[in-house]
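Take a look at the structure set out below.
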Amino acid sequence: MSEAPAAPPAASADGAPNAGALLLRPPEPRAGWRLLPARVVAMCAVELQKLRHDRTELYTRAVQPALWLLIFGQTFTRIRAIPTGGIPYIDYLAPGIIAQSAMFIAIFYGIQIIWERDAGILNKLLVTPTPRSALITGKAFAAGVKALIQAVVVVVIAALLGVALSWNPLKLLGVALAVVLASAFFSCLSMTIAGIVLSRDRLMGFGQAITMPLFFGSNALYPLSVMPGWLQAVSKVNPLSYEVDALRGLLLGTPAHPGLDFGVLAVAAALGIAAASSLLGRLAR
-2 MSEAPAAPPA ASADGAPNAG ALLLRPPEPR AGWRLLPARV VAMCAVELQK
48 LRHDRTELYT RAVQPALWLL IFGQTFTRIR AIPTGGIPYI DYLAPGIIAQ
98 SAMFIAIFYG IQIIWERDAG ILNKLLVTPT PRSALITGKA FAAGVKALIQ
148 AVVVVVIAAL LGVALSWNPL KLLGVALAVV LASAFFSCLS MTIAGIVLSR
198 DRLMGFGQAI TMPLFFGSNA LYPLSVMPGW LQAVSKVNPL SYEVDALRGL
248 LLGTPAHPGL DFGVLAVAAA LGIAAASSLL GRLAR
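Each residue of the sequence shown is one higher than the one before, starting from -2 at the first, in the working numbering.
Structural data, given as structure tokens:
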């Protein structure tokens, strides 16, 4: 007769498995702070996927900066009415138009989050484990990437018009960083306003009311030295001025304050993310 099958090895008294036993354990969950960057990247990727379905916005928004450079820039270069430190006015204007086009993309970003609220998408995102700050940060940096694409278009147009830009790779990386940080702030400003007004129509009104003052209240079109005192004070608290100053220093080699410029842009972006995150729950009610 064959022998009876051996009994399975018994577990030890303290519950530890025997050496021959196979035990599948789920991976240790990562801490929340380690998941945050991945969730920010995921939200940013989701936002950028929308460009694959409709690139019309990028094409149509390239028209306005092209007109600024072609008409305003070349005309005022001939007039020579604005002191630019010895460089052609169109060269002086190009970094300001890069900053302007990036801001115009980001400043109406709150309309999209209101649309997501109305479509029920925002409520679904808020019930996921993803922190609200990660949702806002992902959207903010997606706006920065869209603005960066727009900035590339403006740089190409400026180069075709003969603007003497620097093509140093490190300086171009600095340009990209300045555009992304500034666009992140302006998109968060838009989402913050959306959390206050709660309506697309009201947001459109506020957006149109602040874009021109932000643009003309900066050094994008003229240096601080020609501004009246009160406008100089406005320009010094306007993040767009620091973006333009950084872009001019990187692209044209004019005197700039890179430490101050990037520091202000980083702080502004962080404060914008905090403000928009705090109002996201109010928007979803």
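Glycine included, each C-beta is placed from N, C-alpha and C at the ideal position.
This one's a predicted model, so the numbers in the text were calculated from it and none came from an experiment.
| Check | Outcome |
| --- | --- |
| Could you tell me how far apart the beta carbons of Ile154 and Ala63 are, in whole angstroms, since I believe they sit closer than 8 angstroms? | 5 angstroms |
| Quick check on DSSP: helix, strand or coil for Pro14? | Note that Pro14 scores 49 on pLDDT, short of 50, meaning its location in the model is unreliable and no value can be drawn from it. |
| Quick check: the Cα distance between Leu90 and Ala42, rounded to an integer number of angstroms? | 32 angstroms |
| Excluding five sequence neighbours on each side, which residues of the same chain lie with their C-beta closer than 7 angstroms to the C-beta of Ile87? | Leu66, Gly70, Gln71, Thr74, Leu158 and Val160 |
| Return the first residue and the last residue of the alpha helix (DSSP H) that Pro128 is part of. | Where Pro128 is concerned, there is no enclosing alpha helix (DSSP H), given that its DSSP letter is neither H nor E. |
| Evaluate Thr125 with the Cβ neighbour count: other Cβ atoms within 10 Å of its Cβ, from every protein chain shown; 16 or more gives buried, anything less gives exposed. | exposed |
| Determine the direct distance from the alpha carbon of Asp258 to that of Phe182, and round the result to whole angstroms. | 14 angstroms |
| Taking Cβ to Cβ, would you say Leu195 is nearer than 9 angstroms to Ile111? | yes |
| Count the other C-beta atoms from every protein chain shown that fall within 10 angstroms of the C-beta of Ala139, then say buried if there are 16 or more, exposed otherwise. | buried |
| Under a three-way DSSP split, which group does Thr81 fall into? | coil |
| Could you tell me whether the segment 215 to 233 touches the segment 137 to 152, where touching means 3 or more Cβ pairs closer than 8 angstroms? | no |
| Report the residue from Gln46, Ser215, Val177 and Met188 whose alpha carbon sits nearest the alpha carbon of Gly107. | Met188 |
| Taking buried to mean at least 16 other C-beta atoms within 10 Å of its own C-beta, is Met100 buried or exposed? | buried |
| Taking the straight line between their C-alpha atoms, what separation do you get for Asp198 and Ser238? | 28 angstroms |
| May I ask which residues mark the beginning and end of the alpha helix (DSSP H) holding Val176? | Pro166 to Val194 |
| Pull up the CB-CB distance for Ala175 and Ala243, whole angstroms please, since I reckon it's below 8 angstroms. | 4 angstroms |
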